[in-house]
Structure formats: structure tokens, C-alpha cells
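So the sequence shown is residues 1 to 592, counted in full-length UniProt numbering.
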Amino acid sequence: MLPKILLSLILLSLALPVEYAPARSLYWRLLDVEARLDRDGRLHVRESQTMVFDGDWNGGERRFNLRPGQRLDFARLLRHDPTSGTYRELRSGPLDQVDNYGWHSQNTLRWRSRLPSDPPFAGQAITYVLEYSLGGIVSRQGTGYLLDHDFVFPERSGRIEKARVRLDLDPVWQGRIAFPVIQEMTALPPGQGLVIALDLQHAEGNPAEIAATSAAPVRQRPKPPLPAPAWLGPAMSAILWLTLALLAIRFFRHERRLGRFDPLPAVEAIDRDWLQAHVFRLPPEVVGAAWDKQTSHHEVAAVIARLVQENKITSRVEEFVLPLLNIRIRSFAVLHMRLNIPRQHFTGYERRLIDGLFIAGDSTDTRTIRKHYRNSKTSFNPASELAEPLGRQVEQLTRDRKNPLAYNWMPPFLLAVLSFFLLLANGFLHRTELTVQVTGLVLFTISWICGGVTAWIYRNRSTGRTARILFFSLFAMLPAAGIALLASLQFSTLGLTGFFVLAMAVITTIFNLAMARDDREGVLLCQQLTSARRFFQRELAKEQPDLEDAWFPYLMAFGLGDRVDAWFRQFGSTGPLSGPAGSSGSGSAGFT
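Given below as C-alpha cells:
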């Protein structure tokens, strides 16, 4: 039953006559504006609108877009009588009568053109003339004035077929173009206006009708802050240089007390007994980590080489030889390894290393390892497995138990925080200094990073001490010189203080990073290991080196795998390498 009722209703609705609401349209056939700017800066406008109504329109509407500081004085509204050719002035009154006008809002004028009982318009063209004046239409711009005004109201419901504006100025106004200014446009869609902007000069002085707030505000350049007192920059520079000198004295006393400037053991005095007493008493991976205070692939290679020598692992290298050309490509070589004892016998970092490498039983190779971790979308970094336990062993061997520098990080940290807030406040309060401030921050940060890195490298090396000290000292001096430069640029007191505190943070950070954390025995051990490495380097340059196969893991730990390969290519066997990796192995014939 229900579907039949719905079908009947649909058919009935289709059969009923349909009434269409009459179409409504409105457009402007012509908008003709004549304006004159008087000597006081007031704009007098006569605006003629020829409106074409089609439909049940009640009348017209004009919205005035008044900007801050502008004032509207409306004079009158006229309607053109095409029969007599005269203009009839409309009355201000209730909008229930034709030819009355009134204000719908503070800036919207409406007028009555047709009563609701009258027939709808049918393409009716009516010309209305609005006469008014605008004050505050001119604003100051530098040493002159700016007239920037839209003579066509963009907030309208229809298009304007033709718009014409004629602007004349009192002779007291002078500009870059000839007057009057005449502009015409056609086919203006709703929302589009006609703006005339003029840069002007006033010949007699300040005009009376100037906008208190610019209609088109001109961004005034912020007033620069007062520069710091003349004595402040030199005083800050002197304090920084004095601080730098005191920190340098403290640094040299600290390093001299620990023996950092003592000469390294002579390489010529090193023999097997010396190596046994100072190097071979430690596992090779500990030697490598203690020498440069880092754990990398060199220590991993040393562990594997040691396990091979202890017969816990068997290894061989499968070289890649380019067919026909018989060229060996070392980077494509594959290292094969096999466990000789159950993995349960390994402990600590050895077990973690074995579990990470032997992923498919007791045999593995570098190709299988790479494929496994690539397919499982995981990673295995052998060096990271060794870093923490080796680091603890190195600290036990070298680190000062009292650690007088444990809290050295606090002063530069607090100084950096203070400088951050000072410079942040300066950036908000003194925007004219922002460019110089950002540039200074970049340069200070570069000096901070470069100085800190070079100081850290110096601390962990026993060679090249003079050059490294000069390098990080140079980066520590740059902020002190930067303060003098900022003072010469008339920088504000707040900004200069912020950079002064930042410079103190940079200088103290660099010298704190450079100071050794080891005790005297630890410094001596690092120096001995450095001399041992030099000894091995010297021997690898000989055709008959005074080396033994049992020392191979220590060569790996010292990062001399490439030197070993070079020696075998030049002097050793041409057979396959037997080391833990293609770039860090030993020849099958051995050194002796």
C-alpha cells in the first residue's frame, strides 16, 4: 500500500503546475566618479551610479569602507529624472517611501527605489548621484604623504560594465605625475575595486586632514636601541681575555701534573720484553679502546682475530676475482667463520658478538649476515656491543678515581642558559639588532662546536699535542674577539651582555673538554700504547718486520689492518688472507 501512495504522490507532484520565482539581477552600466583633494587633504567626491535593476529589488545600497582614522561626511543623494533631464534630491527618512534614504549601519547607506506593491523591475536603469567628502584619507609617509584610496566599492552584488574615475588635486599638492588623474576600467566583477595610490608633497606645510592612523599603514622602521656605554665593550673584552688566560694557566698546570707533556717512550727502545710488559698484558681490544678512547670496528676485528688465534673460531676469506681479468676486488671478498666450541662457553661481550654474527648455527659469513639483517629490517652494530664493557675496563685502567673535573660541566651550562634568555629578550625588545644577533649566534656556535671537537680530540690523543692545543685555543679566542667587534657596532647593552655570557660559556667549555680525565698512570699507559703503535707502523714499512703472527690481533686493535694488507701485497704471500676481514687480515705465510 505504501509504495502505491508514494508513487501517486510523485505522479501528482509532476502533474501540478510549477511556479518559478522571478529572476533577479543587478549590475552597474556606468560608475562615474569625480573627486577633488583640497588643500587640507579632504577628498570631495561626486559619484554617479547608473544601476540596472531586473526583478523585485527594493532599491540600492552603498557600503563605505572606512579605515581607522577616516571620516565620512555625507552631503546628499540625487536621482536623475530622464524625462526632464534634471536631478531630484532624495530625502532622509523611513525607507517605506520611494526616494527616501537612510543609514542601515554606520557605513551602509540604503535608499528606496520601488514599493513592495509595485511591479518588479524589468531591466530598469536608474542613475543615482552621491555627494560626500572623506577626511583622513591622506596619511604620512616618510617626509611626504600617501593617498591610497579605492574609488569603487568592492562589496556589491553585481558587475560594473564601465568605471571611470577623475581625480583632481589642489595646486598645493605636488606629485610625480600630471593632474588630473583619469582612470577607466571595464567589466569589473563583484569584489574588484579601482585603487589610486599617489605619493604626494604639500607645498605649504602640514595639511589639516591627515589620518591619525594610516589608511594603508606604512611600516615604520623601529627605533634602534641605545648603544652600550663606550667603556662596556672594552671591559667585557678584558674580562674575557683575563678569563681565557686563567683557564689556560689552569689547563697547563693540570696537564703538566699528569705528565701529558712528557715525551713519549722512544720507539727505538721498544723490544719484545717492553711490549710484553706494557702492551701484551692486556687483551688486544682493550689496548685498542685505551689507545684512542674509542670503540670501533678495529676493536671488533681484534676480538675476532684473538678468538681465531685461541682456536675458538676458524676463519677464511673468499676473495672475489673478476673473471678474465684476474683482478681481485677486496670490497667484494666474503669472510667465512665457524665456531669450534659451543657458544655457551663464551661470556660477556664475546657472547653478544658471537650471537650477533652466528645467526644460523655454528657457521656464518659476511654475505649471510648482511642478508639476514636486511631481510629482518633490523640492525646489528658489533662495535656498540663492545663499547660499554670496554669503556668500563679502560676507565678502570686510566681514569682518576677522585675525578676532580666531575662537575666542570655545570658553570658553562648555567652560563649558556643565562645567555639564551638574555639574547631571547634582546631579540624581542631590539628587533633592529636581529640580523647581527643571528649572525653572531651562528659564528659563536661554530666556534663552540669546532673548539669543543678539537679539544676532545686533543684529550684523547698523545700525538700532535702542540698543533691541537693551538687549534682549540684559537677557537676559544674567537668569542673574545667577537665581543670587541659587537661593541664597535654600537650593540645594545642587553645584547652585548648576552653575547658576553655566551662567550664565557664557549671558552670554559672548550678548556674543560681539553683537560685530561685520566690519572698519571692512565696518561702514561696511553703514551706507551701510542709508542707501541708507532713501533708497529715502523716495522710494517720493512720487508723483514720484527713482528710475530701472535701479535696480529693487536695490529687490528691499533687500526693497522690496511698496513698489514699493504705489507702482504708488497712483501708477503699471494695466497688468500686469513684475517677477520678482507681489509684487515694476515697472509697465510705469516710475518716470520
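Yeah, the Cβ is synthetic: ideal placement off N, Cα and C, and Gly gets one too.
Candidates the options: closest to residue i by CA position
{"i": "Phe421", "options": "Leu386, Leu494 and Arg468", "result": "Leu494"}
{"i": "residue 597", "options": "Asp271, Gly348 and Ile270", "result": "For the chain, the structure presents residues 1 to 592; residue 597 sits outside this window and is missing."}
{"i": "residue 601", "options": "Gln344, Asn340, Leu339 and Glu319", "result": "Because the chain is modelled from 1 through 592, residue 601 falls outside the range shown and cannot be assessed."}
{"i": "Gly55", "options": "Phe74, Pro120, His80 and Ala35", "result": "Pro120"}
{"i": "Arg63", "options": "Arg343, Val98 and Arg156", "result": "Arg156"}
{"i": "Ala125", "options": "Gly59, Leu415, Asp73 and Lys312", "result": "Gly59"}
{"i": "Ser25", "options": "Gly158, Arg140, Thr50 and Asp150", "result": "Gly158"}
{"i": "Val152", "options": "Ser92, Met236 and Val33", "result": "Val33"}
{"i": "residue 598", "options": "Ala481, Thr186, Glu539 and Val523", "result": "Nothing about residue 598 can be read from this structure; the chain reaches only from 1 to 592."}
{"i": "Asn497", "options": "Tyr145, Leu240 and Val195", "result": "Note on identity: in this sequence residue 497 is Thr, with Asn being the wrong assignment. Ranking Tyr145, Leu240 and Val195 by Cα distance to Thr497 puts Leu240 first."}
{"i": "Leu441", "options": "Leu474, Thr463, Ile483 and Leu414", "result": "Ile483"}
{"i": "Leu335", "options": "Ala305, Gln396 and His254", "result": "Ala305"}
{"i": "Thr466", "options": "Glu255, Asp40 and Leu247", "result": "Glu255"}
{"i": "Asp170", "options": "His44, Thr127, Leu66 and Thr295", "result": "His44"}
{"i": "Arg253", "options": "Arg563, Trp567, Met515 and Gly561", "result": "Met515"}
{"i": "Met337", "options": "Ser462, Ile369 and Phe500", "result": "Ile369"}
{"i": "Gln192", "options": "Pro154, Ala301, Val181 and Gly41", "result": "Pro154"}
{"i": "Lys542", "options": "Trp567, Thr243 and Asp519", "result": "Trp567"}
{"i": "residue 607", "options": "Glu47, Ser462, Arg533 and Arg538", "result": "Limits of the chain in this structure are 1 at one end and 592 at the other, which puts residue 607 out of reach."}
{"i": "Pro412", "options": "Pro479, Ala476, Arg36 and Ile507", "result": "Ile507"}
{"i": "Gln174", "options": "Arg39, Arg367 and Ala238", "result": "Arg39"}
{"i": "Leu486", "options": "Arg112, Ala248, Phe428 and Leu232", "result": "Leu232"}
{"i": "Glu521", "options": "Thr398, Val436, Phe472 and Gly41", "result": "Thr398"}
{"i": "Ser113", "options": "Ile160, Glu161 and Trp57", "result": "Trp57"}
{"i": "Ile137", "options": "Tyr87, Ala277, Ile341 and Gly69", "result": "Gly69"}
{"i": "Val523", "options": "His345, Leu434, Gln396 and Phe535", "result": "Gln396"}
{"i": "Gly41", "options": "Asn107, Glu161, Leu200 and Tyr87", "result": "Leu200"}
Host beta strand (DSSP E) of residue i (start-end)
{"i": "Ile126", "result": "Phe121 to Gly135"}
{"i": "Asp32", "result": "Ser25 to Leu37"}
{"i": "Ile182", "result": "Val181 to Leu188"}
{"i": "Glu47", "result": "Leu43 to Gly55"}
{"i": "Arg461", "result": "Note, Arg461: premise wrong, no beta strand (DSSP E); not H, not E."}
{"i": "Gly142", "result": "Note, Gly142: premise wrong, no beta strand (DSSP E); not H, not E."}
{"i": "Gln174", "result": "Trp173 to Gly175"}
Opening and closing residue of the alpha helix (DSSP H) in which residue i lies
{"i": "Met410", "result": "Met410 to Leu429"}
{"i": "Arg538", "result": "Arg520 to Leu540"}
{"i": "Trp567", "result": "Gly561 to Gln570"}
{"i": "Gln309", "result": "His297 to Gln309"}
{"i": "Met515", "result": "No alpha helix (DSSP H) contains Met515, which DSSP labels as neither H nor E."}
{"i": "Pro553", "result": "Phe552 to Ala557"}
Residues bridged to residue i (per DSSP)
{"i": "Ala197", "result": "Asp148"}
{"i": "Tyr101", "result": "Ser92 and Trp111"}
{"i": "residue 632", "result": "Examination of residue 632 is not possible in this model, given that the chain is present from 1 through 592 alone."}
{"i": "Ala163", "result": "Leu31 and Met185"}
{"i": "Thr314", "result": "Arg338"}
{"i": "Asp73", "result": "Ser133"}
{"i": "Ser492", "result": "Pro227"}
{"i": "Ile210", "result": "Val138"}
{"i": "Arg63", "result": "Thr108"}
{"i": "Asp168", "result": "Arg36"}
Residue-chain proximity (residue i, chain D), Cβ-Cβ < 9 Å
{"i": "Thr364", "result": "Judged by its chain identifiers, the structure shown contains no chain D, having just a single protein chain."}
Distance cut-off 8 Å: residue i Cβ against heavy atoms of the ligand NAD
{"i": "Lys312", "result": "Here there are no bound small molecules, and the ligand NAD is not part of this structure."}
Under 8 Å, with one C-beta from each stretch per pair, do the stretch 511–524 and the stretch 454–465 reach the 3-pair mark? yes
Three or more C-beta pairs below 8 Å linking the stretch 354–368 and the stretch 390–404: no
Alpha helix (DSSP H) runs wholly inside the stretch 325–410, at least 4 long, in chain order: 348–357, 366–375 and 382–398
Please give the ranges of any alpha helix (DSSP H) in the stretch 212–284, keeping only runs that are unbroken, at least 4 residues long and fully inside the region. 232–257 and 272–278
Cβ pair count under 8 Å reaching 3, the stretch 271–287 against the stretch 556–572: yes
Should the stretch 163–174 be regarded as contacting the stretch 95–108, the criterion being three or more beta carbon pairs within less than 8 Å? no
Inspect the CB distances between the stretch 533–550 and the stretch 262–277 and report whether three or more fall short of 8 Å. yes
Counting beta carbon pairs with one atom in the stretch 67–78 and one in the stretch 128–137, are three or more of them shorter than 8 Å? yes
At least three beta-carbon pairs within less than 8 Å, the stretch 195–203 to the stretch 140–149: yes
Inter-stretch contact (C-beta, 8 Å, three-pair minimum) for the stretch 526–543 and the stretch 252–266: yes
Inter-stretch contact at 8 Å, needing at least 3 Cβ pairs: the stretch 374–389 / the stretch 422–442: no
Answer yes if the stretch 180–193 comes into contact with the stretch 203–213, meaning at least three C-beta pairs across the two stretches below 8 Å, and no otherwise. no
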